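Letter 364 of the sequence shown, counting from 1, is numbered 364 in UniProt numbering, and no numbers are missing.
All C-beta atoms, glycine included, are put in the ideal place defined by N, C-alpha and C.
Everything numeric in this text was worked out from a predicted model, so none of it was measured.
Heads up, the thing below is written out as structure tokens.
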Amino acid sequence: MFNQVITNFTIKLGGVYYVILVLLLSISSNTLVNSQEINQSIIIHNVTFVDPDGEKENIVATLVIKNKMFDLITNDPIEVAHTDIVYDAQKGFLVGALKPGKSANIMILDENPYEDSDVLLDTKKHILLAVRKGIVIRNNLKSESNIPASVAQKPTKARSKGWLAYAPPPVAIPSNYKNADWINFENDYFTSVLIGMLALDRQNWKSQNNDSELQLGDLQSYDGGEIRGLRFGVAGAIKFDKPWVYMISGATNAFDKGFDTNTTDNVSFFDWRIDIPTFADTTLSIGKQKEPISMERSIGMVFLPMQERSVVSDALLASRNVGAVLSGTAINNKLTWAGGVFNDWLDSEGSISENSTQLVGRTTWLPYLSDDENEIVHLGFGLRYSDTKESVRFATEPEFNQSPLFVDTGEINADSSLTYNLEAAWRKGPLWLVGEYTENQIDADYLDNPSLAGYHVSAVWSVTGEMRGYNKKSGTFSPMPVSRSVSQGGWGALEVSSRWSVFDGSNAGLQAGDTSILSLGASWWLSPKFNVNVNYRWINLERCSFLNEQCELEGKSHGFNTRIALFL
Numbered sequence: 001m002f003n004q005v006i007t008n009f010t011i012k013l014g015g016v017y018y019v020i021l022v023l024l025l026s027i028s029s030n031t032l033v034n035s036q037e038i039n040q041s042i043i044i045h046n047v048t049f050v051d052p053d054g055e056k057e058n059i060v061a062t063l064v065i066k067n068k069m070f071d072l073i074t075n076d077p078i079e080v081a082h083t084d085i086v087y088d089a090q091k092g093f094l095v096g097a098l099k100p101g102k103s104a105n106i107m108i109l110d111e112n113p114y115e116d117s118d119v120l121l122d123t124k125k126h127i128l129l130a131v132r133k134g135i136v137i138r139n140n141l142k143s144e145s146n147i148p149a150s151v152a153q154k155p156t157k158a159r160s161k162g163w164l165a166y167a168p169p170p171v172a173i174p175s176n177y178k179n180a181d182w183i184n185f186e187n188d189y190f191t192s193v194l195i196g197m198l199a200l201d202r203q204n205w206k207s208q209n210n211d212s213e214l215q216l217g218d219l220q221s222y223d224g225g226e227i228r229g230l231r232f233g234v235a236g237a238i239k240f241d242k243p244w245v246y247m248i249s250g251a252t253n254a255f256d257k258g259f260d261t262n263t264t265d266n267v268s269f270f271d272w273r274i275d276i277p278t279f280a281d282t283t284l285s286i287g288k289q290k291e292p293i294s295m296e297r298s299i300g301m302v303f304l305p306m307q308e309r310s311v312v313s314d315a316l317l318a319s320r321n322v323g324a325v326l327s328g329t330a331i332n333n334k335l336t337w338a339g340g341v342f343n344d345w346l347d348s349e350g351s352i353s354e355n356s357t358q359l360v361g362r363t364t365w366l367p368y369l370s371d372d373e374n375e376i377v378h379l380g381f382g383l384r385y386s387d388t389k390e391s392v393r394f395a396t397e398p399e400f401n402q403s404p405l406f407v408d409t410g411e412i413n414a415d416s417s418l419t420y421n422l423e424a425a426w427r428k429g430p431l432w433l434v435g436e437y438t439e440n441q442i443d444a445d446y447l448d449n450p451s452l453a454g455y456h457v458s459a460v461w462s463v464t465g466e467m468r469g470y471n472k473k474s475g476t477f478s479p480m481p482v483s484r485s486v487s488q489g490g491w492g493a494l495e496v497s498s499r500w501s502v503f504d505g506s507n508a509g510l511q512a513g514d515t516s517i518l519s520l521g522a523s524w525w526l527s528p529k530f531n532v533n534v535n536y537r538w539i540n541l542e543r544c545s546f547l548n549e550q551c552e553l554e555g556k557s558h559g560f561n562t563r564i565a566l567f568l
């Protein structure tokens, strides 16, 4: 394998094949929209370069197209900007014309056209990527890949190596911010990018039985539309030799729930933190942030397969907290670990000693990872201890935001609580199976020390073939990628999902309610910035009535919620 840059490399191709190639690229370009802007690099890893004469061995290397022009072929480390587009060619075979300083006109095929000429006669079947005049006009790759270790980024003072924190910014996904110079700012000292998201919901409760009405009242009174979320913020890097990453984001309390539900302020800043690289590739994150427990909690809500988190996650696990988290990886990035200390005294009245302190930790492991990383098995374990110096309450809606509380413990004066979380996931290409079990053991003698527990199991499938990536830094799955957005002449990315979730809230001296929920969902990403989705839920609730003294009720209800999500 070579390590030096090839500065004068021309792909030779027979005359008839070249004519076919140009014709195919010309026809395709008439139906697609220009998707790349100037001042942007296209970096294609794992490209197989073939000598048409068969005199030299095939070479697998990285191809760089800069400002629509062929730039270089290399196996050296490459610095990647946040605006660059990165593809994994999956060792596909390159054909086309490459001349230094000239527009790139290439195709990458899944089979070698020099060994089988029929490949070029059926490009619809074999094409992985097509570039004409430096613009991607056809992309059938399953997903954008992370940069492989052999072609890693060079850390420089000018740029950070991406989000350092254990949990990335909840809205700032790099693919959402390509070609958006007006929201990016950079100087010699720091970089900044504006982030924002608007989610619009419409709820429709279809029906409920008599027991459900006795438990909750008329659910159809909650029908209608709402602004589910309006979030905004800024994130970036401070350019030290090892850059620090900062994040500030907020939401309007008029619309959002689950961040500061007791505050009367108009705006809550639910993320404000600084991520500092320390020793041996570890990171110290200080500020208000997500606690490192549960993959479902770590992934941003709008990027989950379902619109809302499972009932057990919402009921038992905190959303944000003030504290410090130290995180890192081990065993060639197959194991992650994170541990933190939290105390919300900055958001509450009283001193640190008067407020509850939490110790939280999570570790994940990849017992199986295929060579091409198409198949992956993930396991995780999380633990959370609280000295509960303040009273605690566990309550939530039934995975619909426009709803009354279905389960509610009321205020509990406990001596302490211990929560543990188990995770398991399997992903193979576009298919993803994931589940979690969470249990909270409450030390409260007057309630006979109850335990609250629940689980959820989900099956997710990408109809259009995209594959969710895996973030080895945080042990989480990435948002749904979009191979070809509608603006590029494609159909976007379509994902369908199902989930079964259970929460047992009646134990010992607690009668919060037991619920089981079946959910079906469909999510269509027209582009990385525009999503339309719909969820259906069938809900069973066993609980006494909050309206009278009647018990032994089994409420049944079901309904739909539709959502439109827009990103800055």
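A contact between stretches requires three or more CB pairs, one per stretch, nearer than 8 Å, and the stretch 341-361 meets this requirement with the stretch 388-407. For M69, the secondary structure class from DSSP, reduced to helix, strand or coil, is strand.
One alpha carbon belongs to A414, the other to N449, and they sit about 9 Å apart. T191 is bridged by DSSP to E186. Residues of the same chain with a CB within less than 6 Å of the CB of Y536, apart from the 5 flanking positions on each side, are L520, F560 in chain order. Shown here for R563: same chain residues with a beta carbon closer than 7 Å to its own, the five before and five after excluded, namely A199, L200, D201, R228, Q307, N533 in chain order. In the DSSP secondary-structure assignment, H378 is bridged to A425.
Its chain contains W461, S462, G465, E466, M467 as the residues whose beta carbon lies nearer than 7 Å to that of P430, once the 5 sequence neighbours on both sides are disregarded; these appear in chain order. In this structure, DSSP gives A395 an extended state, which the three-state scheme calls strand. F394 is the residue among L317, N46, F394, H126 whose C-alpha sits nearest the C-alpha of Q511. Secondary structure note for L494: its beta strand (DSSP E) is the uninterrupted segment 493-507.
Look at L447 here: in three-state DSSP terms it is helix. Inter-residue distance for S249 and S485 is about 27 Å (C-alpha atoms, whole angstroms). Here L121 is exposed: its Cβ has fewer than 16 other Cβ atoms, across all protein chains shown, within 10 Å. Scanning the stretch 256-328 for uninterrupted alpha helix (DSSP H) segments of 4 residues or longer gives 295-298, 311-316, listed from N- to C-terminal end. Annotation for V119: no beta strand (DSSP E) segment contains it, though the alpha helix (DSSP H) segment containing it runs 118-121. Between the alpha carbons of F503 and F70 lies a gap of roughly 56 Å. With distances taken between CA atoms, I286 lies nearest to N343 out of R309, N343, T48, K91.
The alpha-carbon of Q550 is positioned some 39 Å away from that of V496. With a 10 Å radius around the Cβ and a threshold of 16 neighbouring Cβ atoms, D372 comes out exposed. In this structure, the beta-carbon distance from L422 to Y437 falls below 8 Å.
Membership of L214 in the alpha helix (DSSP H) is indicated by the continuous run 210-216. Residue nearest to H456 within the set P305, P367, E554, E542 is P305 (criterion: CA-CA distance). Excluding residues up to 5 positions away in sequence, A89, G92, L94, L128, L129 lie with their Cβ nearer than 6 Å to the Cβ of I108 in the same chain. Only exposed fits S370, as fewer than 16 other CB atoms lie within 10 angstroms of its CB. Collapsing the DSSP output to three states places I78 in coil. The closest CA to that of Y114, considering only L98, N46, V50, N139, is found on V50.
Apart from sequence neighbours up to five positions away, the residues of its chain that approach K428 with a beta-carbon distance below 7 Å are N374, E375, ordered along the chain. In this chain, the beta strand (DSSP E) harbouring R132 covers 127-132. Distance from the CA of D514 to the CA of S310, rounded to the nearest whole angstrom, comes to 14 Å.
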